[in-house]
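Residue numbers (the numbering used here): 4 to 102.
See below for the structure under consideration.
Here you go:
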């Protein structure tokens with residue numbers, strides 16, 4: 004289900020789908036997304052997504068507190084790195100100038 008959540012004064016589109024033991028969670032920003040590890044990094048790379056990934060999260064609150072575990076090359080190009088906070092990654096995903 005897609006909805007909008009607000010975090011630190013910014014609104015993000017989010018997707019949450021209950022699957023097995025953990026939900027599939029995605030936070031969509033202006034230029035890309037942060038997803039739980041149910042989303043496959045290899046596929047994201049094949050299609051050219053600006054994406055970064057976290058693991059072990061059950062809620063959006065967990066995601067906003069998490070650290071980035073993996074990134075696609077296009078996410079690296081805008082400055083997102085492994086170990087970075089999701090908050091900082093979302094700032095970069097929102098503030099990238101149009102190309």
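Where is the CB? At the ideal position from N, CA and C, for every residue including glycine.
Since the structure is predicted, the reported quantities are computational estimates derived from the model, not experimental observations.
Outcome for residue i when other beta-carbon atoms lying within 10 angstroms are tallied against a minimum of 16
i, result
"residue 20", "exposed"
"residue 4", "exposed"
First through last residue of the alpha helix (DSSP H) which encompasses residue i
i, result
"residue 54", "Segment 54-57 is the beta strand (DSSP E) holding residue 54; no alpha helix (DSSP H) there."
"residue 49", "44-49"
Coarse secondary structure for residue i, derived from DSSP in three states
i, result
"residue 63", "helix"
"residue 91", "helix"
"residue 79", "helix"
"residue 70", "strand"
For residue j and residue i, the rounded distance between their alpha carbons
i, j, result
"residue 95", "residue 9", "17 Å"
"residue 15", "residue 32", "6 Å"
"residue 63", "residue 26", "10 Å"
"residue 97", "residue 55", "13 Å"
"residue 69", "residue 45", "21 Å"
"residue 34", "residue 24", "29 Å"
"residue 73", "residue 85", "6 Å"
"residue 37", "residue 93", "8 Å"
DSSP bridge partner residues for residue i (one or two, in chain order)
i, result
"residue 18", "5, 29"
Residue range of the unbroken beta strand (DSSP E) whose run includes residue i
i, result
"residue 36", "36-39"
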